[in-house]
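Structure first, commentary second.
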């Protein structure tokens with residue numbers, strides 16, 4: 008899938024309005040390292056580690072946090088101001104994460120209380 012998604016890149020390079028040819032080689036290599044290695048491979052290994060440590064249900068709560076963290080870092084580092092719809096989306100994602108965490112704890116308690124030998 009990753010390799011197939013790279014096939015249209017030469018066409019985009021030729022047809023899309025871009026100034027990538029004006030960028031320094033060091034900048035391009037930096038983006039390859041940051042987005043390719045850190046953003047791709049390192050993220051995959053870290054997520055696998057989190058699944059092993061916390062379990063799949065708890066680890067799945069980290070996924071909606073990625074866009075939230077992206078907006079927060081964009082505000083702090085780049086000085087961006089999110090739109091109202093983005094703040095609403097953050098609130099909805101945070102509420103969903105919270106409800107999932109609470110629901111998981113309630114379900115665990117019910118299962119342990121219903122287990123044979125539980126008193």
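Residue numbers (my numbering): 8 to 126.
Quick reminder that beta carbons are idealized off the backbone N, C-alpha and C, glycines included.
Remember, predicted model here, so these are calculated numbers, not experimental data.
For this session: In the DSSP assignment, find the alpha helix (DSSP H) that holds residue 35 and state where it starts and stops.
Result: Residue 35 -> alpha helix (DSSP H) spans 32 to 38.
For this session: In angstroms with no decimal places, state the Cα-to-Cα distance between residue 105 and residue 84.
Result: 26 Å
Problem set entry | Check whether residue 80 and residue 97 have beta carbons under 9 Å apart | no
Problem set entry | Simplified DSSP state of residue 96, which is helix, strand or coil | helix
For this session: With DSSP collapsed to three states, give me the class of residue 26.
Result: coil
Exercise. Does DSSP put residue 88 in a helix, a strand or coil?
Worked result: coil
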